[in-house]
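Okay, so here's the structure we're looking at.
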Amino acid sequence: MAENSSASAPGTDPLSFFISNLYTGSGSVRLQQMGLERIDEENSSNRSSSYLTALPTWENARNSERHRIHIPQPLVLKRAHPRPESRDPILENDALSKEVGELNRSGSQRSIFKSRASTPTHDERPCHRRKLFWLVVFGVCLLSVVTILGAVLGVYLGPKHSDPIPTVTQIPAGSPPTPTVTVGGEEPSPSPSALSQIASVAVTGWSVPGSMGYNVMWLFWQNTEGYLSRAAYNSSTGNWTRVNNFVEAKRGTPLAATALNAEWYTDQENYTFMSTQYQANIAFIDGKNHLNEWIFPDTGPEIGRPGPLSQQKYTAREDSKIASYWPHLVYQGTSGEIRGAHYACHEKNECWHERVFSTTDARNGTHLVVTPMQNNLSSLGLFYQEKGGRMLVYTEDEDEIGALWENAAFSELIPSNASVAAFSTTRTTFPADPNLNNYLLWRDASDTIQMSWRDDDSGWKGPITYPAFAGAEHNTALACLTGLTFPNAPLQTGTELARCYFQTGRALREVSFDGDSWNIVGVVPIDF
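Here it is, written out as structure tokens:
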């Protein structure tokens, strides 16, 4: 009975037979032998007893007061291996080692061994993998950031190889134009199909009074790369100053040039022209169909700078033309209406104002031309085509009272999409007459340049052509120059500034009007 009580004493676990075979340390063989000997002794003791202790029932096992029987677990042999910093072996299956440790602590008797592996190896390996994983993620993120940053800096800080650098060239008047050379180094064929077509030309200018007075003319065009260029002529030197590629514009953009005298705004604090006297302006359309302005003060810089009109973001229709005479700018709105913007600084930094003219329905893409009809800019004339093709003149006085006019000299004669240009001079026979002489040049169906005019109160006359107009290219652009007039600033007398420009072959011809006839001055040295 004593042996039976010893076999079922509290704390004795039936699993001890198998647990004893799970060992650590250098004396593993000895421990295993000791465990086997103990088991043999127990078995011998049990066999010598008068009866066997029955296994507990489920209800007895649930009773917390009954002694628990140690049930051995199956022996699972695992290969032991040492830690890098220790010669003692550890279990490869550390999860089982944990369970063994918990079982050894559950009873009142201490186990004959303890696992020496304080930190399971299966926790070390994922730790290294997690570190490697996050290092890889960090490297990929850093590489992505560096790549994106490099691309951004390359766009904003890197050189734009496609943008040509503006150049300034002094060219004597009357010099032939520089031919455009193809990639192969050969001059292009003189056939009409190989000629570069100038889509639009614009001109402005003024006369500087005094005993040493002189005339200045500014001519603008767009080259085949889409950049604007200009050539300025000074009669005191007889030279042209050409500036190429000063700004990029929409391909085929219409152009409108005008000029002002800053003395008109003397003692008006809302106007600022930065110590300049004369200023040339060129209006054009950008890729978003917004009206833009580039200004050239006579004090520089030669390549000009953006003007305040560009900040207004006035939007023109896709095929709109534009026309300008300071301080007015005319264009066609997105719905086909003819709109006007004028410069008047009623308040500081609020100078451009826009409105719609009271015209008839205009043809989409109609050519637009403006010129002063009376001295001191007391009346302005706007030429445009209606939807039916009729060319009309819309006049408006300084009080914005408008009137529409048609005549037999050009209203039913000008083809649709034909180039037109206009200019005005003083009436030399009646200097006190507020009305000005008005001239309209236009291209007929046979590409001949015609002229209609009004030089008295009898109305418009013509059309008529002149030998100086011969040789104009098919669909050539036209531009004519009118001097400066402004309220209380009359137009210069005479016809010195009466000039027009059109394309002939690979040149831009300049012709002058003396009041009776036209003469060829020469060609303007431009780039295509």
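Numbering (UniProt numbering), first residue to last: 1 to 528.
No residue lacks a Cβ here, since even glycine has one placed at the ideal position from N, Cα and C.
These numbers come from a predicted model, not from an experiment.
Open item on the list: Using the three-state DSSP reduction, which class does K250 fall into: helix, strand or coil?
Closed with: Here residue 250 corresponds to residue number 250 of the sequence shown, with the count starting at 1. Here K250 sits in coil by DSSP.
Open item on the list: Just to confirm my understanding: we take L491, look at its own chain, exclude 5 residues before and 5 after, and list those with CB closer than 6 Å. What are they?
Closed with: The count along the sequence shown starts at 1 and reaches residue 491 at position 491. Only N375, T426, G483 and T485 meet the Cβ criterion.
- [ ] Count the C-beta pairs between the stretch 339-356 and the stretch 442-461 that are closer than 8 Å, then say yes if the count reaches three, no if not.
- [x] no
Task: Per DSSP, cross-strand counterpart(s) of G205 - done: Position 205 of the sequence shown holds residue 205. Under DSSP, the beta-bridge partners assigned to G205 are M217.
Task: Candidates P372, S320 and I303, of which the one nearest N364 by Cα - done: Counting from 1 along the sequence shown, the entry for residue 364 is found at position 364. The shortest Cα separation from N364 among P372, S320 and I303 belongs to S320.
Task: Inter-residue Cα distance where the pair is F528 and L404 - done: What you label residue 528 is simply residue 528 of the sequence shown in a count that begins at 1. What you label residue 404 is simply residue 404 of the sequence shown in a count that begins at 1. In a straight line, the C-alpha of F528 is about 39 Å away from that of L404.
Open item on the list: Can you look up N281 in the DSSP assignment and give me helix, strand or coil?
Closed with: Against the sequence shown, residue 281 aligns to sequence position 281. Three-state DSSP puts N281 in a strand.
Open item on the list: At the level of alpha carbons, what is the spacing between K313 and E269?
Closed with: The residue given as residue 313 occupies position 313 in the sequence shown. The residue given as residue 269 occupies position 269 in the sequence shown. Rounded to whole angstroms, K313 to E269 spans 25 Å at the Cα level.
Task: Member of L143, T504 and T493 whose CA lies at the smallest distance from the CA of P209 - done: Position 209 of the sequence shown, counted from the first residue, corresponds to residue 209. Just measuring C-alpha positions, the residue of L143, T504 and T493 sitting nearest P209 is T493.
Open item on the list: Looking at the strands, I want to know which residues DSSP matches up with T241.
Closed with: Taking the sequence shown and counting its residues from 1, the one referred to as residue 241 is at position 241. Note: T241 sits in a beta bridge opposite Q170 and A232.
- [ ] Starting from the C-beta of T253, find all residues in its chain whose C-beta is less than 7 Å away, skip the five residues before and the five after it, and write them out in chain order.
- [x] Within the sequence shown, numbered from 1, the residue matching residue 253 stands at position 253. Around T253: S200, Q222, F284 and I285.
Open item on the list: Taking the straight line between their C-alpha atoms, what separation do you get for L329 and G340?
Closed with: Taking the first residue of the sequence shown as 1, we reach residue 329 at position 329. Taking the first residue of the sequence shown as 1, we reach residue 340 at position 340. C-alpha separation (whole angstroms): 6 Å.
TODO: Quick one: give me the first and last residue of the beta strand (DSSP E) that K461 is part of.
DONE: As a working note, residue 461 is residue 461 in the sequence shown. Its beta strand (DSSP E) spans residues K461 to I464.
Open item on the list: Give the list of continuous beta strand (DSSP E) stretches no shorter than 3 residues that lie fully inside the stretch 297-351.
Closed with: 322-325, 328-332 and 338-347
TODO: Please look up how many angstroms separate the CB atoms of E406 and L392, rounded, as I've assumed it's under 8 Å.
DONE: Reading the sequence shown from its first residue, position 406 is the one you call residue 406. Reading the sequence shown from its first residue, position 392 is the one you call residue 392. The pair is a contact, with the Cβ atoms about 5 Å apart (cut-off 8 Å).
- [ ] Tell me whether P164 sits in a helix, a strand or coil according to DSSP, three-state version.
- [x] Translated into the one-based positions of the sequence shown, residue 164 becomes position 164. DSSP, reduced to helix, strand and coil, places P164 outside both helices and strands of the structure shown, so it counts as coil.
Task: I303 and P164 closer than 9 Å at C-beta - done: Within the sequence shown, the letter at position 303 stands for residue 303. Within the sequence shown, the letter at position 164 stands for residue 164. Cβ distance not < 9 Å, so I303 and P164 don't count as in contact.
Open item on the list: Between the alpha carbons of L135 and V145, how many angstroms are there, rounded?
Closed with: By one-based count along the sequence shown, residue 135 stands at place 135. By one-based count along the sequence shown, residue 145 stands at place 145. Cα to Cα, the separation comes out at about 15 Å.
Open item on the list: With distance defined between alpha-carbon atoms, name the residue in L255, I322, A479 and T266 nearest to F442.
Closed with: Stepping through the sequence shown from its first residue, residue 442 is reached at position 442. One detail in the question is off: residue 442 reads as Trp in this sequence, not Phe. Selected option, being the one with the closest Cα: A479.
Open item on the list: So, with DSSP's three-state summary, where would you put A421?
Closed with: For the purposes of this step, residue 421 is identified with residue 421 of the sequence shown, where counting begins at 1. Of the three classes helix, strand and coil, the one that applies to A421 here is strand, per DSSP.
Open item on the list: Need the endpoints of the beta strand (DSSP E) that L255 sits in, please.
Closed with: Numbered from its first residue, the sequence shown carries residue 255 at position 255. Taken as a continuous stretch (DSSP letters only), L255 belongs to no beta strand (DSSP E), as it is neither H nor E.
Open item on the list: Checking 9 Å against the spacing of the C-beta atoms, do I526 and R242 come in under that value?
Closed with: The sequence position of residue 526 within the sequence shown is 526, counting from 1. The sequence position of residue 242 within the sequence shown is 242, counting from 1. Yes, these two residues count as a Cβ contact at 9 Å.
Task: Any non-hydrogen atom of the ligand PLP within 8 Å of K250 CB - done: Judged by which ligands are present, the structure shown has none, so any question about the ligand PLP falls away.
Task: Exposure of S64, with buried meaning 16 or more beta-carbon neighbours within 10 Å - done: As a working mapping, residue 64 is identified with position 64 in the sequence shown. For S64, the pLDDT reaches just 48, beneath the cut-off of 50, and the residue's location in the model is therefore unreliable, leaving the point undetermined.
TODO: Since I believe P297 is in contact with T276 (beta carbons under 8 Å), could you give me their beta-carbon distance rounded to a whole number of angstroms?
DONE: As a position in the sequence shown, residue 276 is number 276, starting the count at 1. As a position in the sequence shown, residue 297 is number 297, starting the count at 1. About 4 Å; that satisfies the 8 Å criterion.
TODO: Can you grab the Cα-Cα spacing for the pair S45 / K131, in whole Å?
DONE: As a first step, residue 45 is located in the sequence shown; it is residue number 45 there, counting from the start. As a first step, residue 131 is located in the sequence shown; it is residue number 131 there, counting from the start. Note that S45 has pLDDT 46, beneath the 50 cutoff, so the model's placement of it is unreliable and the number below is only indicative. It is roughly 57 Å from the alpha-carbon of S45 to the alpha-carbon of K131.
Open item on the list: Rounded to whole angstroms, what is the Cα-Cα separation between T360 and G300?
Closed with: On the sequence shown, position 360 is the one that residue 360 refers to. On the sequence shown, position 300 is the one that residue 300 refers to. Taking the straight line from one Cα to the other gives about 42 Å.
- [ ] Could you check if S191 is buried or exposed, using at least 16 other CB atoms within 10 Å of its CB as the buried criterion?
- [x] Working through the sequence shown from its first residue, we reach residue 191 at position 191. Because S191 sits at a pLDDT of 41, beneath the cut-off of 50, its placement in the model cannot be relied upon, and the point is left open.
Open item on the list: Would I198 and R230 be called neighbours here (beta carbons separated by less than 9 Å)?
Closed with: Mapped onto the sequence shown, residue 198 falls at position 198. Mapped onto the sequence shown, residue 230 falls at position 230. No, they are not a contact pair.
TODO: Look at the alpha carbon of S235 and the alpha carbon of G505, and state the distance between them as a whole number of angstroms.
DONE: Residue mapping note: residue 235 aligns to position 235 of the sequence shown, counting from 1. Residue mapping note: residue 505 aligns to position 505 of the sequence shown, counting from 1. Those two C-alpha atoms are separated by around 26 Å.
Task: Coil, strand or helix - G381 by DSSP - done: The sequence position of residue 381 within the sequence shown is 381, counting from 1. Of the three classes helix, strand and coil, the one that applies to G381 here is strand, per DSSP.
- [ ] Give a yes or no on whether the C-beta atoms belonging to F513 and T476 are separated by under 9 Å.
- [x] As a position in the sequence shown, residue 513 is number 513, starting the count at 1. As a position in the sequence shown, residue 476 is number 476, starting the count at 1. Pairing F513 with T476 gives a Cβ-Cβ distance that is not under 9 Å.
Task: Closest residue to L309 among L291, S324 and W326 (Cα-Cα distance) - done: Translated into the one-based positions of the sequence shown, residue 309 becomes position 309. L309 has its Cα closest to that of L291, out of L291, S324 and W326.
Task: Test item: CB-CB of E398 and P487 under 9 Å - done: For this step, residue 398 is matched to residue 398 along the sequence shown. For this step, residue 487 is matched to residue 487 along the sequence shown. Cβ distance < 9 Å, so E398 and P487 count as in contact.
Open item on the list: Is the beta carbon of A256 closer than 9 Å to that of A323?
Closed with: Numbered from 1 along the sequence shown, position 323 holds the residue referred to as residue 323. Numbered from 1 along the sequence shown, position 256 holds the residue referred to as residue 256. Result yes, Cβ atoms of A323 and A256 sit closer than 9 Å.
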